[in-house]
Structure formats: C-alpha cells, structure tokens
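K.L.:
In our numbering, the protein residues as written are -9 to 221. For glycine and all other residues, C-beta sits at the position ideal for the given N, C-alpha and C.
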C-alpha cells in the first residue's frame, strides 16, 4: 500500500512569501478548534479544555505533511510522489556517487535507524537528512498523538453523555426561544468538530505508521536495509 503525499495546500511554494504562508497556517490552526459558545458554563468549559490538544495535534499533523513535501523537494520529485519513490531516488544518488554502503538503514523494532560510514555529497546528504526528519516527525505524531487522543476521547465521552440531557441543561441556564435553538445548533456543531478532528488525528497516526513501514520496505528493495542482530 502506497500513500501518496499530495499536500499541495501545505507545501511552501518558492513564490509564496513566508509571511503569507505563516498567516495561512495560523488561520488553519485556529479553525481546528473554532468552537462556538453554547452559553452553558460546564459544556463550554469542556470544549475549551480540548482547544490546546486539538491545536497541538494539528501542529504534529502539519509537521509530518510539511516534512514529506520537503523530502520530495530535496529528492527533486513532484509533490505527489510517495516516500518509496524518495528512498529509491536516494539509493540511486548513492549508487551514482559510488557510495553504496555509505548510508545504511537498520530496522530496530520497526523503527528505521540511519548509520553512516562515509561523507556524503550535498544533494545526497540533504535528501537523507530530509528522510530522517520524516521519520522523526512521524514517530512524534504517533507517540504524542496517542496521549492527545486519550484526552479527546475522555472529553468526547463526557460531552456525549451530556448530550442526552442537553435540552434540560440549557433550559436550566435560562435559555429560551431563539437563544435556546442557537445553543442547540452550536452544541451540535462543536460536537461534530470535535469528532471530526479526532478522526483526523487517528487517520494521521495510521498514515504515519504506514509511511515508516514504507520506508523500511523501500530500504530493503534498494539494499539500504540491514537487519539488527538478534539477541
């Protein structure tokens, strides 16, 4: 299974100023936790409690996506290229430079570990460093994403329990008529946003694990992979 990295909205284009890119990034970050007021203190506090975790999850997802774009750039490949193509490109560069064996990838409990036995030309070194960065960011997403998901899941559970009594809770807060209807709509919107962002995090974790597996598979077919000694 190959994941195609088509993250055009996240790629830093040469003609696009850094300030414009940063503004776009900040706007997207704000949208991932743009909860609307329900005007019930307990409910609003619950949604507010996951703003930071959701923004942090977005940052981890964005870091992986950006590192994949940078890897494609360092390998001289289109944005839609997959990580296996990047590994093959790196292996090809090493072969042309007569540096086969200059870089090896060790499979250490499912994690690619790089070992160097020679100095690399600039292009090869930059692409290998970019590949290592992809692995580091994927691992950070998987490891930290699990902690974030636990927090999101706990709030999801609590909010879903409260949803059973949401009309009564809002009425006790003195909401009537249009304000009551608006609060119901905002609660539904917030819950859908939370569920959607949690699903995105889960999908991103799965994709990150697949990317790491693809790197190991490509390293094996290109003879970059060496197996760890069995204890």
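Is it buried or exposed, residue 144, if we count other Cβ atoms within 10 angstroms and call 16 or more buried?
P.N.:
Exposed is the call here.
K.L.:
Alpha carbon to alpha carbon, how far is residue 56 from residue 210? Give it in angstroms, no decimals.
P.N.:
Roughly 25 Å between the two C-alpha positions.
K.L.:
Work out the CA separation of residue 104 and residue 96 for me, nearest whole Å.
P.N.:
In a straight line, the C-alpha of residue 96 is about 6 Å away from that of residue 104.
K.L.:
Would you decide whether residue 135 is buried or exposed? Buried here means 16 or more other CB atoms lie within 10 Å of its CB.
P.N.:
It counts as buried.
K.L.:
To the nearest angstrom, how far is the alpha carbon of residue 94 from that of residue 106?
P.N.:
About 6 Å.
K.L.:
Leaving out the 5 sequence neighbours to the left and right, which residues in its chain are closer than 6 Å to residue 173 when beta-carbon positions are compared?
P.N.:
28, 29, 160, 165, listed in sequence order.
K.L.:
Candidates 63, 182, 101, 70: which alpha carbon is nearest residue 217's?
P.N.:
Selected option, being the one with the closest Cα: 101.
K.L.:
Mind checking which residues open and close the beta strand (DSSP E) that includes residue 157?
P.N.:
Per DSSP, residue 157 belongs to no beta strand (DSSP E); it is in the alpha helix (DSSP H), 156 to 162.
K.L.:
Report the residue from 133, 76, 123 whose alpha carbon sits nearest the alpha carbon of residue 191.
P.N.:
That would be 133, whose Cα lies nearest to the Cα of residue 191.
K.L.:
Per DSSP, what are the beta-bridge partners of residue 106 in this structure?
P.N.:
93, per the DSSP bridge assignment.
K.L.:
Under three-state DSSP, which class holds residue 215?
P.N.:
Correct three-state label for residue 215: strand.
K.L.:
How many angstroms separate the CA atom of residue 128 from the CA atom of residue 201?
P.N.:
Cα to Cα, the separation comes out at about 8 Å.
K.L.:
Thinking C-beta only, is residue 117 closer than 9 Å to residue 70?
P.N.:
Contact flag unset, no.
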